[in-house]
Amino acid sequence: MSEEKTPAENPHGPARRRAIALMTPVFVVLLASMLLVGTVLVLLQIAGLLIGNGSFVTGVADALNPWAFGIGGALGIWTLLLSYAHGWKPAD
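Position 9, counted from 1, in the sequence shown is what the numbering used here calls 1184; the numbers after and before it change by one each time, with no gaps.
Here it is, written out as structure tokens:
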């Protein structure tokens, strides 16, 4: 469970708190987008398997893979930047 700290206990200055406040919604949008694209990709491929159409399965993958990998890559980089903004250290 996350514990909220009072402003006096928070080690981050106002600029860092503002950056975190701006970066967190972007993280949430990227995460939701990646999960949505991944879910659509898998469900359409399952549908292609059920109807027995291999070209449909590969067509869906060809169409959605760039989006899935692009969003996933952006999410990974954004997560790293957000963790640095929060003050994460490798020893934590």
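The beta-carbon is built from N, C-alpha and C at its ideal position, and this holds for glycine as well.
8 Å CB neighbourhood of residue i in its chain, flanking five on each side removed
{"i": "residue 1224", "result": "1232"}
{"i": "residue 1257", "result": "1195, 1198, 1199, 1202"}
{"i": "residue 1249", "result": "1205"}
{"i": "residue 1236", "result": "1216, 1220"}
{"i": "residue 1260", "result": "1191, 1194, 1195, 1198"}
Residue i, buried or exposed, once every other Cβ within 10 Å from all chains shown has been counted against 16
{"i": "residue 1205", "result": "buried"}
Cα-Cα separation between residue i and residue j, rounded to whole angstroms
{"i": "residue 1247", "j": "residue 1216", "result": "13 Å"}
{"i": "residue 1219", "j": "residue 1255", "result": "31 Å"}
{"i": "residue 1208", "j": "residue 1186", "result": "32 Å"}
Residue range of the unbroken alpha helix (DSSP H) whose run includes residue i
{"i": "residue 1261", "result": "1229-1261"}
{"i": "residue 1200", "result": "1189-1226"}
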